[in-house]
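J.:
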Ligand SMILES: Nc1nc2c(ncn2[C@@H]2O[C@H](COP(=O)(O)OP(=O)(O)OP(=O)(O)O)[C@@H](O)[C@H]2O)c(=O)[nH]1
Ligand SMILES: [Mg+2]
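In the UniProt record's numbering, the protein residues as written are 1 to 352.
1. Excluding the five sequence neighbours on either side, which residues of its own chain have a C-beta within less than 6 angstroms of the C-beta of residue 315, listed in chain order?
2. Taking the straight line between their C-alpha atoms, what separation do you get for residue 54 and residue 232?
3. What do you get for residue 393, buried or exposed, if any count of 16 or more other CB atoms within 10 angstroms of its CB means buried?
4. What are the residues that DSSP puts in a beta bridge with residue 37?
5. Among 269, 104 and 330, which one has its Cα closest to the Cα of residue 300?
6. Nearest to residue 85 by CA position, among 179, 136 and 288, is which residue?
7. If distances are taken between C-alpha atoms only, which option among 198, 228, 23 and 11 comes closest to residue 60?
8. What is the DSSP secondary structure of residue 289, reduced to helix, strand or coil?
9. What are the residues that DSSP puts in a beta bridge with residue 162?
10. What residue does the alpha helix (DSSP H) around residue 310 start on, and which one ends it?
11. Which ranges would you report for the beta strand (DSSP E) in the segment 244 to 300 if only whole runs of at least 3 residues count?
12. Consult DSSP for residue 52 and reduce its assignment to one of helix, strand or coil.
13. Would you say the beta carbon of residue 253 is closer than 7 angstroms to some non-hydrogen atom of ligand 1?
14. Along the chain, where does the beta strand (DSSP E) that runs through residue 226 open and close?
Structure representation (structure tokens):
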């Protein structure tokens, strides 16, 4: 009797296993034909488009000649505009340039208005000499007090190369270059035998009302947070702290009914800048209640807790990673983890 029951149980178990396998095979076949859509969300400047550039480098042979030419123009313009901004902020903060550099600053102001002069190697040398001035270095150390592209120092350190006639931006230059996204951009990739659609949106306030139209048609959300931005205010609202805005946007987004069942991954991006900023500005600046040390381990754990709260995590499938958006190798590793998670969820019938 006992033996018969145990045989029956074994048979039932085997049957269940076979059915599961059959379902997985069926899902896998469906998945082969299905495009998986990932929606990138997050406030402005958090690093969404940088991630798309990385995917372009990793899975689409990089950038076209036209794109490279456009980036060349943007990079050179940004260097000039940021230098102007730095000089002005230096004055506002009350730091004084050396006498020699004061006359360079005058030459810069005069040349800045003239497109031809400001494209010459001589003008580039003026900027690279200015960048060596202690007062400008001190101003840069206080960059959270004004609005300036975060990676300006990457370009200023290399002005001579960038203003050479033969200059062609490399991938790292392009990854460091900032162009705010306006509207919705779709990018398509094929990795292995899967098709992926990545939807990149603009994150500044005026762009966010367009987000909702994308919610229904996507399989997964990647929410990008600039974790280093806890000491900065918004570009579009000088009185609002960027981290507090990010928390608000995240909580509002998670309330949306269309997104309730969508797997969500948070990327706490800009970890390189986070580590550096912590050496200058305490996390208390943003969270007065923070009592930990200003090191990556403690501070990042605290910030994660502000996003992955018990209330949000209880109802949802939320994962998170720390990233440096400009580090191609690191991003490749994270992207592979995310894609594998999606594939395994699809095999369970999650998206199909
Ligand atoms: N140092 C550093 N810079 C980063 C990192 N990720 C992105 N950036 C830079 O941050 C700036 C903004 O990145 P974007 O990708 O344009 O930001 P976004 O989220 O697309 O911004 P919007 O289009 O306005 O919503 C760019 O200059 C990037 O080079 C990072 O991890 N480290
Ligand atoms: Mg963008």
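Positions of the beta carbon are idealized from the N, C-alpha and C atoms, including for glycine.
T.: Inspection of the coordinates gives the following:
1. none
2. 25 angstroms
3. Past the boundaries of the shown model lies residue 393; the chain is included only from 1 to 352, so the question cannot be answered.
4. 197
5. 269
6. 136
7. 198
8. coil
9. DSSP lists no partner for residue 162.
10. 310 to 315
11. 264 to 269
12. helix
13. no
14. 220 to 226
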